[in-house]
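K.L.:
Here you go, one structure.
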Amino acid sequence: MKLQLALDRLTREECLRIVKETEQEIDLIEVGTGVIKEYGMAIVREIKKIYPNKTIVADMKTCDAGGHEAKQAFEAGADIVTVMAFSSDLTIKDTMKVAEEYRKQAMVDLLEVSSRDRMQQLENIGVNLVSLHVGKDKQQEGNFDTELFSLVKGFEFEVTVAGGINLDTLPDIIQKKPDTVIVGSAITKASNPQQIASEMKRLID
Ligand SMILES: O=C(CO)[C@H](O)[C@H](O)COP(=O)(O)O
């Protein structure tokens, strides 16, 4: 199981500091959507240059123009881009096609998807990497709940999970054996990010 650090609602300087403090503990670095909106592809390029051996996720949250946005991120050094599950199949297919051309990956974000029919459609079009995700706003009603795993039960997807995951909720999530756990605020807003990341990594390993 891998640990993905999500950099959201942070300045460039905060991003660089937190990654530096936690680099030994984390497997993947996610450049969050808001950070990309603030700094563009420049920050993806900068982080990849400093950490060439880390897998960089550009959380583009693409919902249209999939091929174009995927190309932008891969050209900047991203290894994985995100595309929304509720977008058109054509958008998802174009994103995956570009990912294949670059020998990279597209991750389909399941935010607000609750239908297993949609999961079947995603499987049918060749999706293999998905993210079970409770969005930041929705977290006001509760953080990631392991009930969400029922959406992917019986499918062969590689599964990542995200949505307010912290040290209290992590043990139950680990029981469900996702491939990757994505953690943002619990690490980035901690007074000692390295300590929290280290405790999480210990639980995951
Ligand atoms: O994609 C995201 C928000 O849309 C975040 O990356 C994801 O939710 C993880 O961050 P946090 O642990 O703070 O919820």
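Take 690 as the starting number for the sequence shown in the numbering used here and just add one per residue. Glycine is no exception: its CB is placed at the ideal position from the N, C-alpha and C atoms. The model shown is predicted, which means the values in this text are computed figures rather than measured ones.
#1: Quick check: LEU818 and PHE775, are their CB atoms within less than 8 Å of each other?
#2: To which residues of the same chain is ASN832 closer than 8 Å at the C-beta, ignoring the five residues directly before and after it?
#3: In chain order, what residues of the same chain lie with their CB nearer than 7 Å to the CB of VAL848, ignoring the 5 residues before and after it?
#4: Just the C-alpha distance for GLN884 and LYS743, rounded to the nearest angstrom, thanks.
#5: Which stretch, first to last residue, makes up the alpha helix (DSSP H) that contains GLN810?
#6: With distances taken between CB atoms, is the gap from VAL720 to ILE745 smaller than 8 Å?
#7: So which of MET749, VAL816, VAL870 has the shortest CA-CA distance to GLU727?
#8: Compute the Euclidean distance between the alpha carbons of MET808 and VAL802, then round it to the nearest angstrom.
#9: In angstroms, rounded to a whole number, what distance separates the CA positions of LEU692 and ILE715?
#10: Hey, would you say MET796 sits closer than 8 Å to THR771, going by beta carbons?
P.N.:
So, from the data block:
#1: no
#2: VAL823, GLY852, GLY853, ILE854, ASN855, THR858
#3: VAL819, LEU821, VAL841, PRO867, ASP868
#4: Looking at the two C-alpha atoms, the distance is approximately 20 Å.
#5: 805 to 813
#6: yes
#7: MET749
#8: 9 Å
#9: Each residue's alpha carbon lies about 5 Å from the other.
#10: yes
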